[in-house]
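In what follows, a single structure is set out as structure tokens and then discussed.
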Amino acid sequence: MEHSEKNPLITLHDSRGRIVFAQPLVYHSAAEVLYSQPWEWVSSEDEKTQIRDAFQKVLFDREPITIRAKFNFRGKPTLYECHAVPVETNEVTVMTTSIPILDSQDDMGLTPREMECLRQLISGSQTTEIANQMGVKSTTVNTYKQRLKEKIGVDSLAGLISWGCRHLRN
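Per this note's numbering, the sequence shown runs over residues 34 to 203.
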């Protein structure tokens, strides 16, 4: 069975980022996956850096993070949305849930920070709460909201939240 929203790829990582558990393994054997690092499964240096930086943020800042990256499984790049959270054990430090994004048009060119802002909007957070969570000013959050409305093609905050509820996973 392919990875999907109902069958996500779950990986557990040690403090060096090495995969110590992965299920379900659809494209590769356990021997190929275990003790590899997630940034080894992408092609571009930018994505490798993005994944390393995200891993370090989860590991050291103990903050959950969501990113998108194109992983190469059997030579075929597939866009995945990956949500990583810290784990409080000595052996396992990070757990990641990865879901393929099958229709890249759903991506809409949204940046990770815009996605983070939209997720918080659909969870009911106000502008000042979002700004505090993201470590930015309220004016920056307002800029994110304006850009989101332009990219998605809605003209109101209600339309933006409605779109987010239909298209994003919390």
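Every residue, glycine too, gets a C-beta built ideally from N, C-alpha and C.
Among the options, nearest to residue i - alpha-carbon criterion
i, options, result
"Lys103", "Asn40, Glu114, Thr130 and Leu67", "Glu114"
"Gln153", "Thr99, Thr122 and Glu183", "Thr99"
"Tyr60", "Met128, Glu35 and Val53", "Glu35"
"Trp72", "Gly186, Phe106 and Arg180", "Phe106"
"Ser131", "Gln166, Ala117, Thr144 and Glu124", "Ala117"
"Pro97", "Glu121, Gln179, Ala64 and Ser77", "Glu121"
"Thr161", "Lys178, Arg199 and Ala64", "Lys178"
"Ile52", "Leu92, Val75 and Val127", "Val127"
"Arg199", "Leu151, Gln166 and Lys109", "Leu151"
"Ser156", "Trp196, Ile134 and Thr144", "Trp196"
"Arg101", "Arg95, Asp94, Arg146 and Ser69", "Arg146"
"Pro57", "Met141, Gly186 and Leu45", "Leu45"
Whole-number beta carbon distance between residue j and residue i, since they are thought to touch under 8 angstroms
i, j, result
"Leu193", "Lys182", "5 angstroms"
"Val125", "Asp47", "7 angstroms"
"Ser76", "Pro110", "7 angstroms"
Residues bridged to residue i [DSSP beta-bridge criterion]
i, result
"Phe104", "Thr111"
"Ala55", "Thr44"
"Ile98", "Ala117"
Opening and closing residue of the alpha helix (DSSP H) in which residue i lies
i, result
"Val91", "Glu78 to Asp94"
"Thr160", "Thr160 to Met167"
"Lys49", "Correcting the residue type first, residue 49 is Arg in the shown sequence and not Lys. Neither: Arg49 is in no alpha helix (DSSP H) and is coded neither H nor E."
"Leu151", "Pro145 to Ile155"
"Glu65", "Ala63 to Val66"
N- and C-terminal bounds of the beta strand (DSSP E) containing residue i
i, result
"Thr44", "Leu42 to His46"
**Request:** Just list the beta strand (DSSP E) runs in the segment 174-200, keeping only unbroken ones of 3 residues or longer that don't cross its boundaries, in chain order.
**Result:** Correct list: empty.
**Asked** Which ranges would you report for the beta strand (DSSP E) in the segment 110-141 if only whole runs of at least 3 residues count?
**Response** DSSP runs (the beta strand (DSSP E)) wholly in the segment 110-141: 127-133.
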